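2 protein chains.
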Amino acid sequence: MFKVNKLTDYATVVMVDLVSADLARPSQKIANNTGIPYPTVNKLMKDLLHAGLVRSHRGINGGYSLASPANKITIADIIQAVEGPIALTSCVNNSLDKCTYEDFCAVQGRWNRVNKAVVTALKKVTVADMT
Amino acid sequence: MFKVNKLTDYATVVMVDLVSADLARPSQKIANNTGIPYPTVNKLMKDLLHAGLVRSHRGINGGYSLASPANKITIADIIQAVEGPIALTSCVNNSLDKCTYEDFCAVQGRWNRVNKAVVTALKKVTVADMT
DNA sequence: CCTAAATAGTACCAATTCAGTACAGTATTA
DNA sequence: TAATACTGTACTGAATTGGTACTATTTAGG
Ligand code: FES
Ligand code: FES
Numbered sequence: 001m002f003k004v005n006k007l008t009d010y011a012t013v014v015m016v017d018l019v020s021a022d023l024a025r026p027s028q029k030i031a032n033n034t035g036i037p038y039p040t041v042n043k044l045m046k047d048l049l050h051a052g053l054v055r056s057h058r059g060i061n062g063g064y065s066l067a068s069p070a071n072k073i074t075i076a077d078i079i080q081a082v083e084g085p086i087a088l089t090s091c092v093n094n095s096l097d098k099c100t101y102e103d104f105c106a107v108q109g110r111w112n113r114v115n116k117a118v119v120t121a122l123k124k125v126t127v128a129d130m131t
Numbered sequence: 132m133f134k135v136n137k138l139t140d141y142a143t144v145v146m147v148d149l150v151s152a153d154l155a156r157p158s159q160k161i162a163n164n165t166g167i168p169y170p171t172v173n174k175l176m177k178d179l180l181h182a183g184l185v186r187s188h189r190g191i192n193g194g195y196s197l198a199s200p201a202n203k204i205t206i207a208d209i210i211q212a213v214e215g216p217i218a219l220t221s222c223v224n225n226s227l228d229k230c231t232y233e234d235f236c237a238v239q240g241r242w243n244r245v246n247k248a249v250v251t252a253l254k255k256v257t258v259a260d261m262t
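In order, the protein sequences belong to chains W and D.
Residues in the first sequence are numbered consecutively from 1, following the numbering used here.
Residues in the second sequence are numbered consecutively from 132, following the numbering used here.
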């Protein structure tokens, strides 16, 4: 199947939940709101944080909040945060791994076009659109 | 990672190879042309055949050929042939499985928009474009 | 009619990836 | 200083994927 990770799906749910957060919202509360298990939320937040999509605040009254306005955060951002660079195949420029057939392959480089088209599509939908 | 199966990648290579085939081209020859192992090509062809993307001809002088002009077959077609319906999440309409959180989920149905955008993007690139 | 070429269907296995969990550590506030 | 909540890392069982094997069926040609 051609699909995103379940975790990416959850991540969008989390992001949408954070839209309604004025102050920092702790993982525990996000878990309650969304029905996603607490440990899973916890894991997700780390990825979202590293990608700069949310801000964190430790200690009592700590928690997470969106790092940018909801209409500036795209689905592409979330996918990249959770799954790494978007590379439909290993032949694509920014892929982490390398294609074994690259040397004698007939479609060399052509996937870049496809990849770009998909990324563009994913950049057009924002967290605000998902609310 | 957000990516298509390796087999889908191979499938495009196979399809591109078939563009230059006037008569039916056997799996074995496709394997030689592309460098993809024969058994793998064999498996692929079954999927492509079931999806109606290629025609087959058995017996001596048999083989495969494209079922439509190269500029009418899209990347979306190939992905669907190899991986089944394109459903970025299980919350998407035409998905085969069902989302566990559906009942109380805040982004219910919103993924349909994303899915549609991606499919549209994938339909814009054809086999001819990959040649 | 027989044989070789080639597809068609099914089932299997090893390796990877994924989803979910656990736990010890650190920062912050009251 | 105690309670809260994030941070980092690492582990596991389950699912998926990539690749292979084998048998059956169809077709062309001698
Ligand atoms: S299959 Fe990777 S370069 Fe062509
Ligand atoms: S996560 Fe599937 S319906 Fe929302």
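Even for Gly, the Cβ is constructed at its ideal location relative to N, Cα and C.
Treat the numbers as computed from the prediction; the structure is a model and nothing was measured.
Residues of its chain near residue i, where Cβ-Cβ distance is below 7 Å and the 5 sequence neighbours each way are ignored
i              : result
P26 of chain W : G62 and G63
Beta-carbon contacts of residue i that lie in its chain and below 8 Å, excluding the five residues immediately before and after
i               : result
T111 of chain W : Per the sequence shown, residue 111 of chain W should be read as Trp rather than Thr. If we look at W111 of chain W and ignore the five residues flanking it on each side, its Cβ neighbours are L88, T89, C91 and V92.
G183 of chain D : A198
V119 of chain W : A76 and I86
H50 of chain W  : A81
D228 of chain D : S221
Environment of residue i [buried if 16+ CB atoms lie within 10 Å]
i               : result
Q188 of chain W : Only positions 1 to 131 of chain W appear in this structure, which leaves residue 188 of chain W out of reach.
N164 of chain D : buried
L175 of chain D : buried
N246 of chain D : buried
I86 of chain W  : buried
F2 of chain W   : buried
L122 of chain W : buried
L154 of chain D : exposed
Through-space distance from residue j to residue i, alpha-carbon basis
i               : j               : result
A128 of chain W : A212 of chain D : 33 Å
H57 of chain W  : V172 of chain D : 53 Å
Y232 of chain D : E102 of chain W : 41 Å
I210 of chain D : T131 of chain W : 29 Å
F235 of chain D : D9 of chain W   : 14 Å
G109 of chain W : A162 of chain D : 20 Å
G215 of chain D : G59 of chain W  : 47 Å
P39 of chain W  : N225 of chain D : 30 Å
K177 of chain D : A117 of chain W : 28 Å
V4 of chain W   : V135 of chain D : 10 Å
Option in the options with minimal Cα separation from residue i
i               : options                           : result
R113 of chain W : D:I206, D:F133 and D:S196         : D:I206
R55 of chain W  : W:V119, W:T126 and W:M15          : W:M15
I36 of chain W  : W:S20, W:K6 and W:L49             : W:K6
A152 of chain D : D:I191, D:D140, D:Y169 and D:A201 : D:A201
L48 of chain W  : W:I60, W:V13, W:A121 and W:G59    : W:V13
V19 of chain W  : W:D97, W:Q108, W:H50 and W:I73    : W:I73
S65 of chain W  : W:V125, W:K124 and W:D17          : W:D17
V238 of chain D : W:A106, W:V125 and W:N94          : W:V125
Three-state secondary structure (DSSP) of residue i
i               : result
L197 of chain D : strand
V54 of chain W  : strand
R244 of chain D : helix
T126 of chain W : strand
T220 of chain D : coil
T120 of chain W : helix
T143 of chain D : helix
T74 of chain W  : strand
Residues near residue i by beta carbon distance below 6 Å, same chain, minus five either side
i               : result
A142 of chain D : L175, I209 and V213
C230 of chain D : S221 and C222
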